[in-house]
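Remarks on the structure that follows.
In the numbering used here, the protein residues as written are 1 to 42.
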């Protein structure tokens, strides 16, 4: 029982980290796109 609970905890932590990373990557991509557009304008 303890092992399964621990495994679930690790699974949820990994899932949270992956979702957090994907959100950060989306924000970074948007910032990079805006920077590229700004370079093209100037």
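All C-beta atoms, glycine included, are put in the ideal place defined by N, C-alpha and C.
What's the gap between the Cα of residue i and the Cα of residue j?
i: residue 29; j: residue 13; result: 24 Å
i: residue 37; j: residue 20; result: 26 Å
i: residue 7; j: residue 22; result: 22 Å
i: residue 17; j: residue 24; result: 10 Å
i: residue 4; j: residue 15; result: 16 Å
i: residue 26; j: residue 32; result: 10 Å
i: residue 11; j: residue 40; result: 43 Å
Ranges of the alpha helix (DSSP H) found wholly within the stretch 10 to 34, counting only runs of at least 4:
none
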